[in-house]
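Peer 1: Below is the structure I would like to discuss, written out as structure tokens.
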Amino acid sequence: MVQSNQKPHLVLLSAPAHLQPVIELGKRLVTCQDVKATIIVASFVQSAPVESRMVQAALATKLFDVIHLPPADISNLVEPGDKGITSLSAAMHVVKPDFQAAILGLETLPTALVVHVFAIECLGIADELKIPKYVFVSTNAWFLATIVYTPVLDKEVEGEYADKKEPFALPGCSSIRAEDLPDPMLLRTKANYREYLKIGMEIPKADGILVNSWEELQPKTLASFRDGNLLAGVVKAPIFPVGPINSEGSSALKNELFDWLDKQPTDSVLYISFGSMGGLSLEQMLELAWGLELSQQRFIWVVRPPIEKSGSGSGPKFGNIGDDMSSYLPEGFISRTRDRGVIVLQWAPQVEILSHPSCGGFFTHCGWNSAIECITNGLPMIAWPLYAEQRMNATLLTEEMGIAVRSETLPSKGIVGREEIEKMVRKVFVDEGGRQMRARVKELKLSAEKAWSNSGSSYDALAKMVKHSQKKAIAIDV
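Position in the sequence shown (first residue = 1) + 294 = my numbering.
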């Protein structure tokens with residue numbers, strides 16, 4: 295029995311390799327709304343150590359309880375070539391009984407369930423518990439529009455989407471070109487597409503959808519979800535834009551890297567990282583190194599061993615090998631760039647680097663979390679999309695928002711030469727176009743701050759979602 299005066303208790307379920315946005319959403323719920331939150335963590339066997347560290351950091355905040363489910367072993371469930379969404383869906387299928395047991399074992403039963411979009415396999419458990427159910431889409435509203443409209447395209451389009459010359463129309467939104475489609479849509483015969491399609495059909499069954507964007511960032515797309523003649527005709531559930539949902543990092547971090555950053559001029563350092571799972575070929579790494587050297591720009595580059603000898607590289611990849619950089623960087627590169635560049639092996643504190651006054655741009659794989667971190671720090675980007683929905687994100691950042699540059703050759707399709715890399719770096723830091731991008735992204739930074747101010751659009755959206763869940767819970771219980 296749900297009491298009208300009962301304090302809301304929201305259970306949030308993460309998907310493997312997608313924990314951080316769920317933790318940050320939990321923080322917002324607890325600090326901005328008077329709710330109790332419990333985060334339940336799903337992970338792959340190979341990603342569990344990383345997520346365990348995130349869990350410990352989350353517990354240290356003492357804002358909510360965190361339960362880490364036994365990691366999912368999917369080695370016998372997924373073909374070696376079927377990664378991405380297929381792996382995520384398989385993992386959620388494995389952990390579903392443990393998730394259900396964890397909920398039933400809670401001292402206070404939840405009043406609503408929020409699942410990450412890639413954990414949607416577990417959405418139906420809310421029906422068994424007779425509580426409202428919500429989906430959290432940790433990327434942008436254009437991706438949400440694409441995935442929920444894919445079931446319509448699946449019926450209307452014959453053959454492979456990737457072979458079509460004309461862009462695909464999305465009601466009330468920007469059209470999407472074939473080359474920008476998310477990876478699962480590139481081969482309709484693959485398991486990844488079937489799982490992606492299934493997610494697109496499941497999302498509208500939720501009582502509400504939270505998306506990591508905000509009204510001022512994507513007004514046109516969000517308006518379509520509220521128009522019955524447009525996407526609201528496909529998705530009846532209300533949309534709650536609650537972005538930006540991102541980590542703020544630690545302002546107290548100090549080491550040699552930050553001592554170096556402290557000595558650099560304001561907005562002068564280019565940060566280069568391709569995410570925890572993105573990778574480059576040896577050939578592309580060499581071109582990138584030469585391009586950086588030619589640009590004469592200060593930089594911090596998070597370097598990982600190449601994933602292959604030639605070709606463009608891509609991702610996602612779990613784990614890394616080797617620590618001798620001399621074998622995959624140009625001879626003498628480190629010594630020649632020592633005065634203006636820092637090479638960091640494997641990992642760097644990205645949030646803290648991007649928020650440092652000396653950081654002036656981000657060479658990024660265009661994962662949405664990274665894009666959000668860049669926007670909230672007012673930094674223009676060099677877009678280097680590799681996998682998943684990153685090509686969509688790159689197009690959004692360059693063509694619609696005007697806060698990034700990108701190469702003519704898709705990095706996932708071919709080698710981008712050193713001269714073009716030099717040109718992109720100089721455009722961000724030297725040319726007039728870079729100044730315009732910097733001004734535009736600083737406007738978006740202010741809009742993000744406003745969205746989470748008291749009575750801002752995202753602050754209000756989260757409050758409306760909590761109230762919606764309370765009313766829905768009482769209605770279900772009657």
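Think of the CB as a built atom: it goes at the ideal place given N, C-alpha and C, for glycine as much as any other residue.
I think Ser-518 touches Leu-524, with their Cβ atoms under 8 Å apart; what is that distance to the nearest whole Å?
Peer 2: Against the sequence shown, residue 518 aligns to sequence position 224. Against the sequence shown, residue 524 aligns to sequence position 230. That pair is a contact at about 4 Å.
Peer 1: Just to confirm before moving on: does the CB-CB distance between Phe-534 and Leu-504 stay below 7 Å?
Peer 2: On the sequence shown, residue 534 is found 240 positions in, with the first residue counted as 1. On the sequence shown, residue 504 is found 210 positions in, with the first residue counted as 1. A contact, by the Cβ cut-off of 7 Å.
Peer 1: Taking its Cβ as the centre, do 16 or more other Cβ atoms sit within 10 Å of Lys-765, making it buried, or is it exposed?
Peer 2: As a first step, residue 765 must be located in the sequence shown, where it is residue number 471. By the 10 Å Cβ count, Lys-765 comes out exposed.
Peer 1: To the nearest angstrom, how far is the alpha carbon of Ala-698 from that of Gln-684?
Peer 2: Within the sequence shown, numbered from 1, the residue matching residue 698 stands at position 404. Within the sequence shown, numbered from 1, the residue matching residue 684 stands at position 390. Cα-Cα distance, rounded: 13 Å.
Peer 1: Let me check understanding here. Comparing Cα to Cα, which of Glu-422, Thr-405, Ile-414 and Asp-474 lies closest to Phe-437?
Peer 2: Counted from its first residue, the sequence shown places residue 437 at position 143. That would be Asp-474, whose Cα lies nearest to the Cα of Phe-437.
Peer 1: So what's Ile-697 in DSSP terms, helix, strand or just coil?
Peer 2: As a working mapping, residue 697 is identified with position 403 in the sequence shown. Of the three classes helix, strand and coil, the one that applies to Ile-697 here is coil, per DSSP.
Peer 1: Tell me where the beta strand (DSSP E) around Asp-521 begins and ends.
Peer 2: Along the sequence shown, one-based indexing puts residue 521 at 227. Element bounds for Asp-521: n/a, residue is neither H nor E.
Peer 1: From Ile-676 to Arg-700, what does the alpha carbon distance come to, in whole angstroms?
Peer 2: Against the sequence shown, residue 676 aligns to sequence position 382. Against the sequence shown, residue 700 aligns to sequence position 406. Rounded to the nearest angstrom, the two C-alpha atoms are 6 Å apart.
Peer 1: May I ask which residues mark the beginning and end of the beta strand (DSSP E) holding His-362?
Peer 2: Within the sequence shown, residue 362 is the residue found at index 68, counting from 1. Element bounds for His-362: 359-362.
Peer 1: Just to confirm the assignment, what range does the beta strand (DSSP E) spanning Gly-335 have?
Peer 2: Along the sequence shown, read from residue 1 onward, the residue named residue 335 stands at position 41. Before going on, a small fix: residue 335 reads as Val here, not Gly. Start and end: 330-335.
Peer 1: Under 8 Å: do the segment 350-370 and the segment 409-428 share three or more Cβ pairs, one atom per stretch?
Peer 2: Short answer: they don't touch.
Peer 1: If the criterion is Cβ atoms closer than 7 Å, does the pair Ala-336 and Phe-358 meet it?
Peer 2: Residue 336 sits at position 42 when you count from the first residue of the sequence shown. Residue 358 sits at position 64 when you count from the first residue of the sequence shown. No, they are not a contact pair.
Peer 1: Just the Cα atoms here: how many angstroms apart are His-303 and Gln-350?
Peer 2: Translated into positions along the sequence shown, residue 303 becomes position 9. Translated into positions along the sequence shown, residue 350 becomes position 56. Going from the Cα of His-303 to the Cα of Gln-350 covers about 21 Å.
Peer 1: Can you have a look at Arg-630 and say buried or exposed, based on whether 16 or more other CB atoms are within 10 angstroms of its CB?
Peer 2: As a working mapping, residue 630 is identified with position 336 in the sequence shown. By the neighbour-count rule (16 or more Cβ atoms within 10 Å), Arg-630 is not buried but exposed.
Peer 1: To which residues does DSSP link Pro-535 through a beta bridge?
Peer 2: Counting from 1 along the sequence shown, the entry for residue 535 is found at position 241. In the DSSP output, where bridge partners are listed per residue, Pro-535 has Val-505.
Peer 1: Note down the Cα distance separating Pro-310 from Ala-688, rounded to an integer number of angstroms.
Peer 2: Translated into positions along the sequence shown, residue 310 becomes position 16. Translated into positions along the sequence shown, residue 688 becomes position 394. The straight-line gap from Cα to Cα measures roughly 24 Å.
Peer 1: Compare the Cα-Cα distances from Gly-378 to each of Cys-467, Pro-445, Lys-449 and Asp-477 and report the closest residue.
Peer 2: The residue labelled residue 378 in the question sits at position 84 within the sequence shown. Selected option, being the one with the closest Cα: Asp-477.
Peer 1: Beta carbon of Ala-583, beta carbon of Pro-624: below 7 Å?
Peer 2: For the purposes of this step, residue 583 is identified with residue 289 of the sequence shown, where counting begins at 1. For the purposes of this step, residue 624 is identified with residue 330 of the sequence shown, where counting begins at 1. Contact flag set, yes.
Peer 1: Where does Lys-492 fall in DSSP's three states?
Peer 2: On the sequence shown, residue 492 is found 198 positions in, with the first residue counted as 1. If DSSP states are grouped into helix, strand and coil, Lys-492 belongs with the helices.
Peer 1: Would you kindly report the start and end of the unbroken beta strand (DSSP E) that includes Ile-317?
Peer 2: Locating residue 317 in the sequence shown gives position 23, counting from the first residue. From DSSP, Ile-317 is part of no beta strand (DSSP E) but of the alpha helix (DSSP H) over 313-326.
Peer 1: For His-303, which three-state DSSP category applies?
Peer 2: Counted from its first residue, the sequence shown places residue 303 at position 9. Looking at His-303 - three-state DSSP - the assignment turns out to be strand.
Peer 1: Take the Cβ of Leu-306 as the centre, count every other Cβ of all protein chains shown within 10 Å, and call the residue buried at 16 or more, exposed below.
Peer 2: The residue you call residue 306 lines up with position 12 of the sequence shown. Classification of Leu-306: buried, given that the 10 Å Cβ count is 16 or more.
Peer 1: Would you mind giving the Cβ-Cβ distance between Pro-679 and Ser-652, rounded to the nearest angstrom? I have them listed as a contact below 8 Å.
Peer 2: Position 385 of the sequence shown, counting from 1, holds the residue named residue 679. Position 358 of the sequence shown, counting from 1, holds the residue named residue 652. So it is not a contact: roughly 26 Å between Cβ atoms.
Peer 1: Applying the 10 Å Cβ sphere with the 16-neighbour rule, what's the burial state of Lys-321?
Peer 2: For the purposes of this step, residue 321 is taken as residue 27 along the sequence shown, with counting starting at 1. Counting Cβ neighbours within 10 Å, Lys-321 comes out buried, since at least 16 surround it.
Peer 1: Within 8 Å, do at least three Cβ pairs link the segment 753-767 to the segment 391-407?
Peer 2: With the cut-off at 8 Å, the segment 391-407 and the segment 753-767 touch.
Peer 1: Expressed to the nearest angstrom, what Euclidean distance is found between the alpha-carbon atoms of Ala-435 and Ala-745?
Peer 2: For the purposes of this step, residue 435 is identified with residue 141 of the sequence shown, where counting begins at 1. For the purposes of this step, residue 745 is identified with residue 451 of the sequence shown, where counting begins at 1. If you take the alpha carbons of Ala-435 and Ala-745, they lie about 16 Å apart.
Peer 1: Excluding the five sequence neighbours on either side, which residues of its own chain have a C-beta within less than 7 Å of the C-beta of Phe-612, listed in chain order?
Peer 2: As a first step, residue 612 is located in the sequence shown; it is residue number 318 there, counting from the start. The predicted position of Phe-612 is uncertain, since its pLDDT is 36 and thus under 50; no value can be drawn from it.
Peer 1: Do the CB positions of Ile-539 and Glu-318 come within less than 7 Å of each other?
Peer 2: Translated into positions along the sequence shown, residue 539 becomes position 245. Translated into positions along the sequence shown, residue 318 becomes position 24. Yes, they are a contact pair.
Peer 1: List in chain order: all unbroken alpha helix (DSSP H) runs of 4+ residues lying wholly within the segment 576-662.
Peer 2: You should have 576-589, 627-630 and 644-648.
Peer 1: Compute the distance between the beta-carbons of Val-388 and Ser-381, then report whether it is under 7 Å.
Peer 2: The sequence position of residue 388 within the sequence shown is 94, counting from 1. The sequence position of residue 381 within the sequence shown is 87, counting from 1. Going by C-beta atoms, Val-388 is not nearer than 7 Å to Ser-381.
Peer 1: Between Pro-532 and Leu-574, is the Cβ-Cβ spacing less than 7 Å?
Peer 2: Locating residue 532 in the sequence shown gives position 238, where the first residue counts as 1. Locating residue 574 in the sequence shown gives position 280, where the first residue counts as 1. No, these two residues do not count as a Cβ contact at 7 Å.
Peer 1: Name the one or two DSSP bridge partners that Ala-406 has.
Peer 2: Along the sequence shown, one-based indexing puts residue 406 at 112. DSSP lists Leu-304 as partners of Ala-406.
Peer 1: Of the residues Ser-620, Ala-420 and Leu-447, which one's Cα is nearest the Cα of Lys-390?
Peer 2: As a position in the sequence shown, residue 390 is number 96, starting the count at 1. Considering only alpha carbons, the answer is Ala-420.
Peer 1: Who are the near neighbours of Glu-694 in its chain, counting only those whose CB is closer than 6 Å to its CB and skipping five residues on each side?
Peer 2: Against the sequence shown, residue 694 aligns to sequence position 400. Counting only Cβ-Cβ distances below 6 Å, and skipping sequence neighbours, we find nothing.
Peer 1: Are the Cβ atoms of Val-563 and Arg-592 separated by less than 7 Å?
Peer 2: For this step, residue 563 is matched to residue 269 along the sequence shown. For this step, residue 592 is matched to residue 298 along the sequence shown. Against a cut-off of 7 Å, the Cβ pair of Arg-592 and Val-563 comes out as a contact.
Peer 1: Only counting runs of 4 or more residues, tell me where the alpha helix (DSSP H) segments fall wholly within the segment 747-772, in order along the chain.
Peer 2: Whole alpha helix (DSSP H) segments, 4+ residues: 751-771.
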